[in-house]
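Report on the following structure.
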Amino acid sequence: GLAYWALGVPFSVFLGALSALLSLVPIGGTALVWGPVAAYLVWTGPIWKGIVMIGIGIGLVGLMDNLLKPFLVGSKADLPVLFLFFASLGGLAYFGFIGLFLGPILLGIAVAVFQIYRENYQAQAGLLVKAESGHPKEPGNPIMK
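Numbering (this note's numbering), first residue to last: 268 to 412.
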């Protein structure tokens, strides 16, 4: 929002809030806002303002998306981005601002608990199947006698 204001873009507060919201969208994200704003600046005013907007969008915002987001969300979260998006929105709605971070953390914990449960359940089921399967033509098998 500050870059929009500094470059004289109308509705800079609204565009800043929209950029913050769209930063959660994995494909396109903030470029869906700063791209058209840069085009607007090129067509309506000095071209250098549009070039500066493109530089800020690609350089600063792109840098934050590619370097900071993996640290905040976790580069090895092994969670689909869409789930992280909805976890962030749900956390924001339920817990407020801290929910942007707490939602994905709680989702990660829930997924980890589910995976541990599933692995243990499958391991127990696998042991039961191995114990019952045996070899059908084995002479000591009580089922085939």
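In this text, a Cβ means the ideal position worked out from N, Cα and C, and glycines have one as well.
Mind checking whether residue 299 and residue 291 have CB atoms under 9 Å apart? No Cβ-Cβ contact shorter than 9 Å links residue 299 with residue 291.
The alpha helix (DSSP H) that contains residue 352, what's its start and end? Counting along the chain, the unbroken alpha helix (DSSP H) around residue 352 starts and ends at 348 to 362.
How would you call residue 311, buried or exposed, if buried means at least 16 neighbouring beta carbons within 10 angstroms? Residue 311 comes out exposed.
So for residue 311, helix, strand or coil by DSSP? Note: residue 311 maps to helix in three-state DSSP.
Let me know the secondary structure DSSP gives residue 322 once reduced to three states. Three-state DSSP puts residue 322 in a helix.
Taking 9 Å as the threshold (C-beta atoms), are residue 346 and residue 326 in contact? The beta carbons of residue 326 and residue 346 sit no closer together than 9 Å.
Check this for me: beta carbons of residue 317 and residue 307, under 9 Å apart or not? Contact: yes.
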